[in-house]
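In the numbering used here, the protein residues as written are -9 to 228. Everything on this sheet refers to the single structure shown next.
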Ligand code: PGA
C-alpha cells in the first residue's frame, strides 16, 4: 500500500481531487467509484472548482457510488443520492443518466442489489475507486463481521456506524440502520483505489490497516491484498 501523508484535510482533498482529475483526463470513458460521508466533501469541492476553471470535462464520466441508506427517498436530504447531486452532479457537466447509486426507495432491496451488480458487471471495471474509512474500519457499508460479501447486499449498520452518522441528523430524526452497499469483491475490481482518512477518530482503523494483519473485523485491512491502493491521510489519522 502506498501512503501519501498530508499535513491537513485541505492537502488530502487536493491529493484526492488530483487523482480523480488524472483519471478523467487520461481515460476516454472513465468509470469512477465514488464515496459519500464527510471525508470526500473537500475533494468534491476541488473537482467542482477545476470544472469551473475549464480544467475538467465530466461529459464522458460514468460514476458508481458505494452505498445508500435503506429505505430512503432520493429526495431526502440525508440520502446519498441527494448528497451526490448537491456536492457534485448538479455542479458539473456529468450526464446524470450515467450516475449510479443503489436505489434506497426500491420495493425489494434484494432485487435492487442484484440489479446493482448487473450495472457493475455491465460497466466492466472501475478505473478509480474512492473510499473513506469508518471508525470501525468499514469500507462502503461493509461492516466488521465474521464473513464479508463479494457483491452488493443489504446490510444492518453497526451501532458505532449509526452513532457516527448521527452527527448528520437533527435531533429526533430517525437515523437509518440499514443500507445497500457494494461488496468487497466489487470494490476489489477497481484498477486503482484511494483510501482517504482524516482526523484522529480514524487513527485506530488506520493503525489496523497498516498493522500487516488481515481481518474481517476491520474490513479495510483486506485492501492490503489489492495491487494498487494509496492511503491519503493526515498526521492525525496516522
Ligand atoms: P466519514 O465516513 O467520511 O463521514 O468519516 C467515512 C466512512 O464511513 O466510510
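For every residue, glycine included, the Cβ atom is placed at its ideal position computed from N, Cα and C. None of these values were measured; they are calculated from a predicted model.
Original post:
What are the complete alpha helix (DSSP H) segments, minimum 4 residues, inside the region 9 to 36?
Top reply: none
**OP:** Starting from the N-terminal side, write out each stretch of the beta strand (DSSP E) that is 3 residues or longer and does not extend beyond the region 93 to 173.
**Re:** 118 to 121, 143 to 146 and 168 to 171
Original post:
Do you know offhand how far residue 61's Cα is from residue 139's?
Top reply: As a position in the chain shown, residue 61 is number 71, starting the count at 1. As a position in the chain shown, residue 139 is number 149, starting the count at 1. Computed Cα separation, rounded: 20 Å.
**OP:** Collect the residues with a C-beta less than 5 Å away from any heavy atom of ligand 1 and give them in sequence order along the chain.
**Re:** 27, 28, 29, 122 and 124
Subject >> Separation of residue 184 from residue 115, as counted between CA atoms >> reply: In the chain shown, residue 115 corresponds to position 125, counting from 1. In the chain shown, residue 184 corresponds to position 194, counting from 1. Cα to Cα, residue 115 sits roughly 15 Å from residue 184.
Original post:
Among the residues of its own chain, which have a CB less than 6 Å from the CB of residue 154, if the five just before and after it don't count?
Top reply: As a position in the chain shown, residue 154 is number 164, starting the count at 1. The answer, listed in chain order, is 125.
Original post:
Which term fits residue -8, buried or exposed, when burial requires 16 or more other beta carbons within 10 angstroms of its beta carbon?
Top reply: For the purposes of this step, residue -8 is identified with residue 2 of the chain shown, where counting begins at 1. When all chains shown are included, residue -8 counts as exposed.
Subject >> Exposed unless 16 or more other CB atoms sit within 10 angstroms - verdict on residue 209 >> reply: As a working note, residue 209 is residue 219 in the chain shown. When all chains shown are included, residue 209 counts as buried.
Original post:
Quick check: the region 156 to 166 against the region 201 to 216, are there 3 or more CB pairs under 8 Å?
Top reply: no
Subject >> Backbone CA spacing between residue 5 and residue 136 [nearest angstrom] >> reply: Residue 5 sits at position 15 when you count from the first residue of the chain shown. Residue 136 sits at position 146 when you count from the first residue of the chain shown. Looking at the two C-alpha atoms, the distance is approximately 34 Å.
Original post:
Are residue 82 and residue 10 touching if we call contact CB-CB under 8 Å?
Top reply: What you label residue 82 is simply residue 92 of the chain shown in a count that begins at 1. What you label residue 10 is simply residue 20 of the chain shown in a count that begins at 1. Their beta carbons are not under 8 Å apart, which means residue 82 does not touch residue 10 by this criterion.
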